[in-house]
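Asks: Residue numbers (the numbering used here): 91 to 217.
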Amino acid sequence: MPLLQEGEDVKDVLIHLFVGLHIIGIASLLGGFLTQLKAMGQATARFVPAMLHGAFTMLVTGVALVGLNQADGQPVDNVKIGVKLALPIVILGLVYVKRDDETVGKRLFGLMGLFTTANIFIAVLWT
Numbered sequence: 091m092p093l094l095q096e097g098e099d100v101k102d103v104l105i106h107l108f109v110g111l112h113i114i115g116i117a118s119l120l121g122g123f124l125t126q127l128k129a130m131g132q133a134t135a136r137f138v139p140a141m142l143h144g145a146f147t148m149l150v151t152g153v154a155l156v157g158l159n160q161a162d163g164q165p166v167d168n169v170k171i172g173v174k175l176a177l178p179i180v181i182l183g184l185v186y187v188k189r190d191d192e193t194v195g196k197r198l199f200g201l202m203g204l205f206t207t208a209n210i211f212i213a214v215l216w217t
């Protein structure tokens, strides 16, 4: 089975590859958050490495996807992309700065979860 199907070019394969990696990044970020929910209730939640790696993966693959889509001649909604870029930067900044802290406050931890969930819904619902 060939890697490229008939009528498909390298850009299409790269876009699919980066979408998959983007989903893995968001899964890592959200999964890390969900594993800490019980600890959040006990005020012992912390940002785990999976969250840092997921946020970074999400940011890098998101930027790559915008570039690949523009290179493919597809229209890009700059406002949506701006919002989708701002959220992972804030998330990555929060997780990076607080990554070594023994615990993270409930509000800050909850805010990170809210931003992550908002980013997912923006991606899915904003058309």
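We put the CB at the ideal spot given by N, CA and C, even for glycine.
The structure presented is a predicted model; accordingly, all values stated were derived computationally and were not measured.
1. Considering only residues of the same chain and omitting the five flanking positions on each side of R189, which have a CB-CB separation below 6 Å?
2. Any idea if I181 is buried or exposed, counting beta-carbon neighbours within 10 angstroms, 16 or more meaning buried?
3. Since L198 contacts L184 with CB under 8 Å, what's their CB separation in whole angstroms?
4. How close, in whole Å, do the beta carbons of G172 and H112 come, if the pair is a contact with beta carbons under 8 Å?
5. For K101, which residues in the same chain have their Cβ closer than 7 Å to its Cβ, ignoring the five residues on either side in sequence?
6. Below 8 Å CB to CB, which residues in the same chain sit around G200 once its five sequence neighbours on both sides are set aside?
7. Should T147 go down as buried or exposed, given a rule of 16 or more other Cβ atoms within 10 Å for buried?
Replies: Let me spell this out:
1. F137 and L142
2. buried
3. 7 Å
4. About 17 Å separates the two Cβ atoms, so there is no contact after all.
5. L158, A161 and D162
6. M130
7. buried
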